[in-house]
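Q: Right, I'll just put the structure down here and ask away after.
Number of protein chains: 2
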Amino acid sequence: MAIKCYAAKKAKGRLEPFEYEPRPLAPFDIDIKISHCGICHSDVHLIDNDWQLTEYPLVPGHEIVGEVIDVGVGVKKFSNGQRVGVGWQCGACWHCDMCISGEHNLCPEIKATCMGNHGGFADMIRVDSRFAFPIPSKLESENAAPLLCGGITVYNPLRTYSVRPYQKVGVIGVGGLGHLAIQFAHAYGCNVTAFSSSPDKEKEARELGAHEFIPTTEKDPFEKTVGKLDFIISTVHVDMDWPAVLNALNPKGMLCLVGAVANPMMIPSFSLILQQKSIVGNPIGGRMAIREMLRLASRHGIRAKTEVVPMKNVNEAVDKTRHGKARYRMVLKN
Amino acid sequence: MAIKCYAAKKAKGRLEPFEYEPRPLAPFDIDIKISHCGICHSDVHLIDNDWQLTEYPLVPGHEIVGEVIDVGVGVKKFSNGQRVGVGWQCGACWHCDMCISGEHNLCPEIKATCMGNHGGFADMIRVDSRFAFPIPSKLESENAAPLLCGGITVYNPLRTYSVRPYQKVGVIGVGGLGHLAIQFAHAYGCNVTAFSSSPDKEKEARELGAHEFIPTTEKDPFEKTVGKLDFIISTVHVDMDWPAVLNALNPKGMLCLVGAVANPMMIPSFSLILQQKSIVGNPIGGRMAIREMLRLASRHGIRAKTEVVPMKNVNEAVDKTRHGKARYRMVLKN
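Residue numbers (our numbering), protein chains in the order written: chain L, 1 to 334; chain G, 1001 to 1334.
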């Protein structure tokens, strides 16, 4: 049983049809017939070997939705025909302090769906069922797929740092992650300010739940919010005027990075010390957080805005993501 | 009634005898006859105008202990003869979100004892009693004075970020702040690793409660603790290899800055994102935290190690602090 997929053979290479034999079906494994797979910016980083960690051939894809078509002997809670999703993580050590706390996403031996494993730009995937999640019936597969990585990445900080409804949240970047962050922060009952380098996204940002919209193309875009925001989620990959961003925070305010910035950030210590501010980083979320996130998305109608293209058009779709042209998430469909 | 004190008339100037008339006694004011005043590194920064914020003449001093000798009409809980202490803060707006939460130390209108006001290098001070704290009888005045600023600055993070006894705490810098941080972290029941640029401080650091001692003069001093510390308090004013420091943290670990570093810190975003680490800054502590800190110090025998000199020798004492020769806190005595 060969799995048919698309692989990059070298850094920045175009994706080409590829086949591989899956590992033997382990007790906790399930086979998923993939219907949809979102394209995350991390997939582009992996294809381009931006992190110098990619092994080729690389089969990207870690925002997977599909149907269970086979289960290992140890699998009790999944059955054939069920619709499930898989995100960035596909394995953990199950033994470290983080794992036994239910925070498998912080396991030092975390395994990624498409790093060292072949991912979701494929017709099928064999994966540890403990990192598969039932998709609530109200969510369309194409809108749900990007929640598995993009969604949990922006939901998890709101949960972990106990953001509360009377607070003001800033979202920097209205893209694949940011347009989901706005929706989750809105669902949290917060006042939401969106910052975007695309002034033409204002209408959509407001429809998604933003109360304020500030184009970062303006001079001093953070000036208007000085000392007004309690929590800022930064989804961008580009350098920002970080002291100005920190200055937009209230006392005890927190800047949460979910987008990996290429260059080191220059942080004056006083910008943190004087009013007990903090900078935190967030990587995806734990298994329970993913369940919660899907329930919340179902109840509040939170969904990724997607452009769905056939799997065979994978290269065009990747290019759109690479060049920031997706509005807001490209999703491949089999 | 003129207050006799020592003042710097210009940046880096020597302190000279000075006199001033205090403001009229306000309802909540008390007069304190100062017996002891610690010398904090901030006093040196103020004298030298390192922060470009100093107004001259400057009367430094914000680690004050003395005896109440007069009280305003609104003062109910202090009476003449009582021993009290005053730290960095001497005023707040009493109205902002932080103040009504009891976190007056984060009030945007915070007033400092020796910035815009004349401080404790003096025979007396008139000060808002709401920022004065009774000194527990078990604490000697000379050992207690440095707790009012140095002590609360390192105690407050342990409290605010809920450090727990099964955790491992790193303390960077074994000086005025660091030698207190070791004692408080030890009182919290934590495993404590001290990092110091003075290898000869090992014996004392261990006596204060450090379980491990690592000289930062070694090559890669943070190598031994990679992924082992849960909470690091950095008390130093010098540049560190911040990515290496962050690398010493466990998943979810926190680096807390209490020492203001002169240059912006270079922080790669991945060093925070991958394992949900954070960098926070801490300024002194609130009024309740100061009470708790004094109670804890009294119960656990936590005290500043001090070198006591007569107030008239203020310039020699300031020089010792300026050049890092204090072991560990210079205290002026009237």
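Ideal Cβ positions, reconstructed from N, Cα and C, are used throughout, including at glycine.
Between Gln1275/G and chain L, is any beta-carbon pair separated by less than 8 Å?
A: Indexing the second sequence from 1 puts residue 1275/G at position 275. Interface residue, yes.
Q: Quick check: the stretch 7–27 of chain L against the stretch 80–97 of chain L, are at least 3 beta-carbon pairs closer than 8 Å?
A: Touching, no, given that fewer than three Cβ pairs across the two stretches are closer than 8 Å.
Q: Compare the C-beta of Ala248/L against all C-beta atoms of chain G and say whether one is closer than 8 Å.
A: Here residue 248/L corresponds to residue number 248 of the first sequence, with the count starting at 1. Between Ala248/L and chain G, the shortest Cβ-Cβ separation is not below 8 Å.
Q: Threshold first: 4 residues or longer. Then list the alpha helix (DSSP H) segments lying entirely within the stretch 1182–1218 of chain G, N to C.
A: 1202–1208
Q: So which residues on chain B does Val1261/G lean against when the C-beta distance must stay under 9 Å?
A: No chain B is present in this structure, whose protein chains are L and G.
Q: Let me know the secondary structure DSSP gives Lys1333/G once reduced to three states.
A: Start at 1 with the first residue of the second sequence, and residue 1333/G comes out as number 333. Three-state result, Lys1333/G: strand.
Q: Strictly under 8 Å for the Cβ-Cβ distance: is Met1265/G near chain L by that measure?
A: Stepping through the second sequence from its first residue, residue 1265/G is reached at position 265. Interface residue, yes.
Q: Can you find a C-beta in chain L that's less than 8 Å from the C-beta of Lys1252/G?
A: In the second sequence, the residue the question calls residue 1252/G occupies position 252. Interface residue, yes.
Q: So for Arg126/L, helix, strand or coil by DSSP?
A: For the purposes of this step, residue 126/L is taken as residue 126 along the first sequence, with counting starting at 1. The answer is strand: DSSP assigns Arg126/L an E or B state.
Q: So what's Arg83/L in DSSP terms, helix, strand or just coil?
A: In the first sequence, counting from the first residue as 1, residue 83/L sits at position 83. Three-state result, Arg83/L: strand.
Q: To the nearest angstrom, how far is the alpha carbon of Ser35/L from that of Ala132/L?
A: Residue 35/L sits at position 35 when you count from the first residue of the first sequence. Residue 132/L sits at position 132 when you count from the first residue of the first sequence. So the alpha carbons of these two residues sit roughly 15 Å apart.
Q: Just to confirm, is the Cβ distance from Ala1145/G to Ile1064/G under 8 Å?
A: Sequence index remark: in the second sequence, residue 1145/G carries index 145 (1-based). Sequence index remark: in the second sequence, residue 1064/G carries index 64 (1-based). Yes.
Q: Which same chain residues end up closer than 7 Å to Asp239/L when comparing Cβ atoms and leaving out the 5 residues on each side of it in sequence?
A: In the first sequence, residue 239/L corresponds to position 239, counting from 1. The residues are Val261 and Asn263.
Q: Between which two residues does the alpha helix (DSSP H) carrying Ala1007/G extend?
A: Locating residue 1007/G in the second sequence gives position 7, where the first residue counts as 1. Counting along the chain, Ala1007/G falls outside any alpha helix (DSSP H), though it belongs to the beta strand (DSSP E) covering Ile1003 to Ala1008.
Q: In chain order, which beta strand (DSSP E) runs of at least 3 residues are fully inside the stretch 257–304 of chain L?
A: 265–267 and 278–281
Q: Once DSSP output is grouped into helix, strand and coil, what is the label at Ile981/G?
A: This structure cannot settle anything about residue 981/G, because the visible part of chain G is limited to 1001 through 1334.
Q: Taking contact to mean 3 or more Cβ pairs, one atom from each stretch, closer than 8 Å, check whether the stretch 111–127 of chain L and the stretch 5–25 of chain L are in contact.
A: yes
Q: Does the distance from the CB of Ile1279/G to the CB of Leu46/L come in under 8 Å?
A: What you label residue 1279/G is simply residue 279 of the second sequence in a count that begins at 1. What you label residue 46/L is simply residue 46 of the first sequence in a count that begins at 1. Taking 8 Å as the Cβ cut-off, Ile1279/G and Leu46/L do not qualify as a contacting pair.
Q: Please return the same chain residues whose Cβ sits closer than 7 Å to the Cβ of Asp48/L, not counting the five positions on each side in sequence.
A: Position 48 of the first sequence holds residue 48/L. Once the five neighbours on either side are set aside, the close Cβ partners of Asp48/L are Ala11 and Lys12.
Q: For Ala194/L, which residues in the same chain have their Cβ closer than 6 Å to its Cβ, ignoring the five residues on either side in sequence?
A: By one-based count along the first sequence, residue 194/L stands at place 194. Correct list, in chain order: Val171, Val174, Ile182, Ala205, Ala210 and Phe213.
Q: Excluding the 5 residues preceding and the 5 following Arg130/L in the sequence, name in chain order all residues of the same chain whose CB lies nearer than 8 Å to its CB.
A: What you label residue 130/L is simply residue 130 of the first sequence in a count that begins at 1. Hits under 8 Å: Phe28 and Arg287.
Q: Name the two residues that bound the continuous beta strand (DSSP E) containing Pro1310/G.
A: Counting from one through the second sequence, the residue named residue 1310/G turns up at place 310. Thr1306 to Pro1310 is the extent of the beta strand (DSSP E) around Pro1310/G.
Q: Can you find a CB in chain L that lies within less than 8 Å of the CB of Asn1282/G?
A: Against the second sequence, residue 1282/G aligns to sequence position 282. Judged by the 8 Å Cβ criterion, Asn1282/G is in contact with chain L.
Q: Return helix, strand or coil for Leu1158/G, following the three-state DSSP convention.
A: Start at 1 with the first residue of the second sequence, and residue 1158/G comes out as number 158. For Leu1158/G, the three-state secondary structure derived from DSSP is helix.
Q: Establish whether the CB of Gly1227/G and some CB of chain L are separated by less than 8 Å.
A: On the second sequence, position 227 is the one that residue 1227/G refers to. Taking CB atoms only, Gly1227/G has a neighbour in chain L less than 8 Å away.
Q: Measuring CA to CA, which of Ser101/L, Met330/L, Gly227/L and His104/L is closest to Pro310/L?
A: Counting from 1 along the first sequence, the entry for residue 310/L is found at position 310. If we check each option's Cα against that of Pro310/L, Met330/L comes out closest.
Q: Candidates Ala185/L, Leu257/L and Ala112/L: which alpha carbon is nearest His237/L's?
A: The count along the first sequence starts at 1 and reaches residue 237/L at position 237. Comparing Cα-Cα distances from His237/L to each of Ala185/L, Leu257/L and Ala112/L, the minimum goes to Leu257/L.
Q: Give the interface partners of Glu1106/G over in chain L, defined as CB-CB distance under 7 Å, in chain order.
A: Within the second sequence, the letter at position 106 stands for residue 1106/G. With the sequence shown as reference, residue 1106/G is identified as Leu, and Glu is not the correct amino acid for it. Here the neighbours are Pro251, Lys252, Gln275 and Gln276.
Q: Are Ile1069/G and Met1293/G touching if we call contact CB-CB under 8 Å?
A: Residue mapping note: residue 1069/G aligns to position 69 of the second sequence, counting from 1. Residue mapping note: residue 1293/G aligns to position 293 of the second sequence, counting from 1. It is not a contact, given that the beta carbons lie outside the stated cut-off.
Q: For Gln1276/G, tell me which candidate among Met1254/G, Pro1136/G and Asn1105/G has the shortest Cα-Cα distance.
A: Counting from 1 along the second sequence, the entry for residue 1276/G is found at position 276. The shortest C-alpha separation from Gln1276/G is found at Met1254/G.
Q: Between Met311/L and chain G, is the shortest Cβ-Cβ distance under 8 Å, so that the two count as touching?
A: By one-based count along the first sequence, residue 311/L stands at place 311. Output row for Met311/L: interface = no.
Q: Hey, quick one: how far does the beta strand (DSSP E) through Ile1232/G stretch, first residue to last?
A: For the purposes of this step, residue 1232/G is identified with residue 232 of the second sequence, where counting begins at 1. Per DSSP, the continuous beta strand (DSSP E) segment holding Ile1232/G begins and ends at Leu1229 to Ser1234.
Q: Buried or exposed for Trp94/L, please, with buried defined as at least 16 other CB atoms from any protein chain shown within 10 angstroms of its CB.
A: Counting from one through the first sequence, the residue named residue 94/L turns up at place 94. By the neighbour-count rule (16 or more Cβ atoms within 10 Å), Trp94/L is not buried but exposed.
Q: Give the interface partners of Met98/L over in chain G, defined as CB-CB distance under 7 Å, in chain order.
A: Taking the first residue of the first sequence as position 1, residue 98/L is located at position 98. By Cβ distance, chain G contributes Pro1251.
Q: For Leu1208/G, would you say it is in contact with chain L, using Cβ-to-Cβ distances shorter than 8 Å as the test?
A: Position 208 of the second sequence holds residue 1208/G. Chain L, which has no Cβ nearer than 8 Å to the Cβ of Leu1208/G, makes this no.
Q: Using the Cβ count rule (16 or more neighbours within 10 Å means buried), how would you classify Gln89/L?
A: Here residue 89/L refers to the residue found at position 89 when the first sequence is read from its first residue. The residue is buried, with at least 16 neighbouring Cβ atoms inside 10 Å.
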